[in-house]
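Note that the working numbering numbers the sequence shown so that position 94 is 1261, with each residue one more than the last.
Where is the CB? At the ideal position from N, CA and C, for every residue including glycine.
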Amino acid sequence: MTSRPLPEYLVRRYQGWRATTYAGNRPWYRRLAEEGQRPRAMIVACCDSRVHVASIFGADSGEFFIHRNIANLIPPFKPDGDHHGTSAAVEYAVRELRVAHLIVMGHSQCGGVKGCYDMCSGHAPELLEATSFVGRWMDILRPGYEALPPGDDAERVQALEKLSVKVSLDNLLTFPFVRSAVEDERLTLHGLWNDIGEGTLETWDEARGEFVVL
Ligand SMILES: [Zn+2]
C-alpha cells in the first residue's frame, strides 16, 4: 500500500474548515469554481513552514498564485526539454493568468540559503554530490555567493538570503515572455525579504540598490 488514511488531526481540521470557512462562503467558492481563477499576483516563496504568505497578506481563495521551492529561487531560462516546475509555474502565471505582479519573497534563517553558503564555502561536501537535488538546485544561487562582500558568517548568510531574491529577479528577466510583459508594463516585479522573528518585510529598492523596511 502506498497511500494511507489521513492522520486524524488533519481530518478534524478539514472538517472544521468545511463547517465554518467553507459553509459561510459557499457562493464564493461556487463562483471561483465556475468562473476560474483570476489572481492579480504570483508569489514565489520558500517552502519553509514559517513563511506564512497567505497569513501575512490575508489571502483569500483565488487571490494569489503561489509557488514555493527551496530558497525561493527562479532558475535561468533554459528551454532544454527537461522538467522545470518553477519555470512552468512562472510561464503559466505570466502567459495564461496574466498576473499584474510577480513577487519573490525570501526570509531569515533560510535553511536552503545556509546550505548553499556551507556548500560554496567547503563545509557541506554532501551537497556537492551530483545526486544531491538540494545541492544542484542551490547552484542557482552560486552567483550570489560569489558576489558576497567579506564579513562574518552570520552577516554573509543573511546577505545571501537577500541575494536569493535579487538573483531570482534577475533570472526572471531571462524569460522572454517575462521581459516583454515587464517592458510593456503589463507586469511588475517585486522583491521581499521576511524577518521571521521580527515579523517585518523588507522590499528591494531598485533605485537605492538595497532592501528597505516596509
Ligand atoms: Zn527558506
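Which class does residue i belong to by DSSP, given the choice of helix, strand or coil?
| i | result |
| --- | --- |
| L1356 | strand |
| A1260 | helix |
| T1341 | coil |
| V1218 | coil |
| D1320 | helix |
| I1237 | helix |
| D1362 | strand |
| T1253 | helix |
Would you say the beta carbon of residue i comes nearer than 6 Å to a heavy atom of ligand 1?
| i | result |
| --- | --- |
| D1285 | no |
| A1255 | no |
| D1372 | no |
| A1238 | yes |
| D1227 | no |
| D1249 | no |
| G1311 | no |
| G1364 | no |
May I ask which residues mark the beginning and end of the beta strand (DSSP E) holding residue i?
| i | result |
| --- | --- |
| C1213 | 1208-1213 |
| E1175 | That residue, E1175, is in no beta strand (DSSP E); its alpha helix (DSSP H) goes 1175-1184. |
Applying the criterion that 16 or more other CB atoms from any shown protein chain within 10 Å of the CB defines a buried residue, is residue i buried or exposed?
| i | result |
| --- | --- |
| G1282 | buried |
| P1317 | exposed |
| P1172 | exposed |
| M1168 | exposed |
| D1215 | buried |
| H1274 | buried |
| K1329 | buried |
Return the first residue and the last residue of the alpha helix (DSSP H) that residue i is part of.
| i | result |
| --- | --- |
| R1197 | 1193-1202 |
| V1301 | 1300-1305 |
| L1269 | Per DSSP, L1269 belongs to no alpha helix (DSSP H); it is in the beta strand (DSSP E), 1268-1274. |
| E1313 | 1309-1313 |
- prompt: Are the region 1244-1251 and the region 1216-1232 in contact at 8 Å, needing three or more beta carbon pairs?
  reply: no
Review point. Does the count of Cβ pairs from the region 1172-1182 and the region 1281-1301 closer than 8 Å reach three?
Key: no
At a cut of 8 Å, does the region 1332-1339 reach the region 1256-1274 through at least three beta carbon pairs? yes
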